[in-house]
Structures are given as C-alpha cells and as structure tokens.
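Reviewing the structure listed below.
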Amino acid sequence: MESRVITITSGKGGVGKTTTTANIGTALAMQGKKVAVVDSDIGLRNLDAILGLENRIVYDLVDVVEGQCRLRQALIKDKRLPELYLLPAAQTRDKNAVNSVQMEQLCQHLRAEFDFVVIDSPAGIEQGFRNAIVGADEIIIVANPEMASVRDADRIIGLVEAAGKPEPRLIVNRLRAEMTRRGDMMDVADVLEVLGIDLLGIVPEDALIVVSTNKGEPIVYDKRSRAGRAFLNAAQRIIGEEVPIDEVTEVPSLLERLRRLVGFGPALAEKRVRS
Amino acid sequence: MGIFEFITGRKKPSPGALAKERLKVALVQDRMKVNPELLELIKSDLLTAISRRLDIDEQHVEILLAREDRWDKLKAEVPIKRQKISFEWDPPAHTTAVTGLRGKVTVEVEEDDDSG
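From first to last, the protein sequence lines stand for chains A and B.
Numbering of the first sequence is given in our numbering, commencing with residue 1 and proceeding in unit increments.
Numbering of the second sequence is given in our numbering, commencing with residue 1 and proceeding in unit increments.
Quick look at the structure:
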C-alpha cells in the first residue's frame, strides 16, 4: 500500500487540531493501519498528553532531524495499539529549530515505515505551519463554526493552494446542533458555502472530550461518545470507505424537548452525556 | 413578531446568519486585499461616472463587497433622485456618417410616480 502523509491544520489555535490528530491517528490504527502521529508544534507539545504518552518521551523530533538519535529511538509505541506510534515535539526548543528541508526528509523516512503519517500542525501561518505541510500529500483543515476560525481556515486554504498541495478537506469541529437549529450559530452548510472545499466530517461539541483528555485516552475508544463516533467515521472516509455524513441530523427526541420545555434542560442534557 | 420586525417589516437576521454575512464580506476583503479606503475611491469614481448621466442621490449610495454563488462581487446601490432624467447621446467622432441620430433624449418622470 502507498503510504499517505496527512497534515491536520487550522490557522486559528484552540479549534481542536491536536484532538483531531490524536483521534484520527488512533482510529486509523484501530482499522489495522500502521500509523505514526507527529507533533510538529515545537516548543508547545501536547499531542503526547492527549494520547497519554507524556511520561515516556526520551527523544523528540528535533533530536531526530539533528541526528542526535535514530528515528526508531524517538518513536513512542502506543499503550494499547501495537501499530500506533508517536513522534513527539521538542519542548525546550523554539519553533525555528527545524527547517522545511529537514521536515520533508523526515516525512520521507516515516513514509517508508508507516501506512499513514498524521502530522499535527502548530497554529499560525509561520515557519512551523510551513514545515507541517511541506511533506504532506493531503491537508485536513479543522474549523469551528464561528467567524474567526472560518476566516483563518480560508487563509490556510489559500496558503495550501500556493504551496502546490491538493485542495484540503474540512472537518467542522465543536458543532453545537441546538444552537445551529435555533439560528444562533452558523451551520455546516454555511461554512461549506463560504470556504468552498469538501467536507470530511462533522464533530459535535461533546463534554466527554474533556474527560478523555484528562484521562489521556482518545475519545474514539469511547463508544458512547458522539464526537468519538464522528472521528471514527472521518477516519473511515480517509481510508476510502463510504460512510454517509449524517452526524448533523441527530435531533433531540420529543421527550427530551418536552423536558427542556418544562425546565430540566441543562441538568438532564448533562446526564445524557454521561449515561 | 419582535419589535424589530414590527418596525422595519423585516425579519431580524439570526446571529448565525449575521455571522455568515459578516464573514463573507471580511473574506472578500481579505482575498482581494481591498480595504475600506480603496472602496471609497471606487465609490467616488463610480459616482463621477454615473452622475454624468443620471441625477443620483450621492448621500445614499452604498457600495460593498460580497460573496454569492462562489463569486466575489462588488455590489453598488445607487438611488436615483426623482427628477427629470435626461441624457445626451453623442455618437463617437468616427461615426459621422450617421449624423441623423445625434440628438437629445429626455425622460420625464412624474413626481408622484412610484416607478421613479
């Protein structure tokens, strides 16, 4: 199988790039693929914590490109999935410690070992972002349905195009179905109309994400979580499986709406998330 | 019916729709590197060009950038004053053979006519 290098990016910070990288990477490994997730956010590493691997780091990405260690020494094996590996970012270096040529070479080396290389890009559009996309075959943009995020996503689309990469695909993250339905928030159709790129997935806002981050277990392991299912679906679409995008159509039941009407809304909604 | 709808006769746009519209304008500006200053210049150019032919209400001219149907657009709203609209038609110099067409066209608009 031809290996694929996929970069997850967004422009704006805090929209869920790292969570998406961890979950897409884990989900691909759950599908039996050999996967490396790469944290290219040098100086601000986080992907290791979301995967629960933060206390196993010896060498990092900068050590590899500087020849301080071999690639295999820096790769950290996942706790559960034997085919999932993490290449962590350096924490003590600044983001200019690596250049585009080194990053492209690193991608080539990873390509030889893995089916999928999933790179977590830093926020912004500077060198770190350029390094993250230089070796990528595909780009996935994560955006929240709000103005600042979509505007930055549009900027990224332009830069990706200028870099000669194929048109990126979009994951709409943290969608709040209830607010969208009331018209208080842009919906997925609005975002797609503005950005004009293909949709890869829709991930609903989910309180369980916080729990999963706290535990260091990606949400795709949690079968009850709607966000987890959404990431799993997105990963299946990446592999090429036909999974209908129906995450948005989930409407609260009549009973639930009645309850909210009576005024037990937030408490019950909270309970529903946990149950 | 809210107070806004009652007064204006229009439905108030939802916050979501508002965000989308603001976003569209912002994106056209970002993409085309058109700033409000340049837009003012374009506006004054347009006013000069149009006011040569039409009597327009310069105070209420609105010009804005928008994105519709995947096209970036420059949209102008130019209200015409309800007055006598007239224009002279002078064929270019090289069409001297058709001098018979030279003339003045006048359009009278009734003061109380709605179609003005």
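Built from N, CA and C at the ideal position, the CB exists for glycine as well.
As the structure is a computational prediction, the values presented were derived from the model and not from experiment.
is_contact[K12 of chain B, chain A] using C-beta, thresh 8 Å: no
Beta-bridge pairing of A29 of chain A - partner residues as DSSP gives them: A29 of chain A pairs with nothing; no bridge assigned.
Short CB-CB distance (under 8 Å) between K33 of chain B and chain A: no
Beta-carbon gap between V5 of chain A and C107 of chain A smaller than 8 Å: yes
Nonlocal neighbours in the same chain, by C-beta distance under 8 Å from N233 of chain A, ignoring five residues either side: G201, V243, I245 and E247
Backbone secondary structure at Y85 of chain A - three-state DSSP: strand
C-beta atoms of A132 of chain A and T7 of chain A nearer than 8 Å: yes
Residue from A:N173, A:I140 and A:I239 whose Cα sits closest to the Cα of I197 of chain A: A:I140
Per-residue DSSP class, three states only, for I15 of chain B: The residue asked about is misnamed: residue 15 of chain B is Pro in this sequence, not Ile. Helix, per DSSP.
Rounded separation between D57 of chain B and K12 of chain B - CA only: 27 Å
Touching by the beta-carbon criterion (3+ pairs, under 8 Å), the segment 115-124 of chain A and the segment 29-39 of chain A: yes
Backbone secondary structure at R4 of chain A - three-state DSSP: strand
Span separating the alpha-carbon of G67 of chain A from that of Q73 of chain A: 11 Å
Opening and closing residue of the alpha helix (DSSP H) in which N99 of chain A lies: It is not in any alpha helix (DSSP H) - N99 of chain A carries neither H nor E in the DSSP assignment.
Reference V203 of chain A, options A:D190, A:V142, A:Y85 and A:N214, closest by Cα: A:V142
Contact set between the segment 141-169 of chain A and chain B, restricted to residues whose Cβ is under 9 Å from the partner: P145, E146, M147, V150, R151, D154, R155 and G158
Proximal chain A residues relative to L47 of chain B, where beta-carbon distance stays under 8 Å: Within 8 Å Cβ-Cβ: nothing; L47 of chain B doesn't reach chain A, min ~31 Å.
Closer than 8 Å to chain A by CB, K24 of chain B: yes
Length of the line joining the Cα atoms of V65 of chain A and L65 of chain B: 46 Å
Residue-level contact to chain B via CB, T180 of chain A, 8 Å cutoff: yes
Minimum Cβ-Cβ distance from D72 of chain B to chain A less than 8 Å: no
Cut-off 6 Å between Cβ atoms - residues of its own chain near D72 of chain B, not counting five sequence neighbours on either side: V28
Sub-8 Å separation of A89 of chain A and I42 of chain A beta-carbons: yes
Straight-line gap, G216 of chain A to L84 of chain A (C-alpha atoms, nearest Å): 15 Å
Runs of alpha helix (DSSP H) lying entirely within the segment 195-219 of chain A, each at least 4 residues, in chain order: 208-215
Which listed residue (A:P166, A:G183, A:K165 and A:V188) has its alpha carbon closest to that of R174 of chain A: A:V188
Proximity of L51 of chain A and D78 of chain A at Cβ, strictly below 8 Å: yes
Cross-chain neighbours of K75 of chain B in chain A, by beta carbon under 7 Å: Per Cβ cutoff of 7 Å: no residues; K75 of chain B is ~17 Å from chain A at best.
Contact set between the segment 15-34 of chain A and chain B, restricted to residues whose Cβ is under 7 Å from the partner: none
Contact with chain A by L64 of chain B, beta-carbon distance below 8 Å: no
Beta-carbon neighbours of D184 of chain A, restricted to chain B and to distances below 8 Å: S14, P15 and G16
CB-CB length for R56 of chain A against I76 of chain A, believed under 8 Å: 5 Å
Below-8 Å beta-carbon distance, K43 of chain B vs any chain A residue: no
Straight-line gap, R52 of chain B to D45 of chain B (C-alpha atoms, nearest Å): 11 Å
C-beta atoms of D235 of chain A and L28 of chain A nearer than 8 Å: The residue you asked about is not Asp; residue 235 of chain A is Ala in the sequence shown. Their beta carbons are under 8 Å apart, which means A235 of chain A touches L28 of chain A by this criterion.
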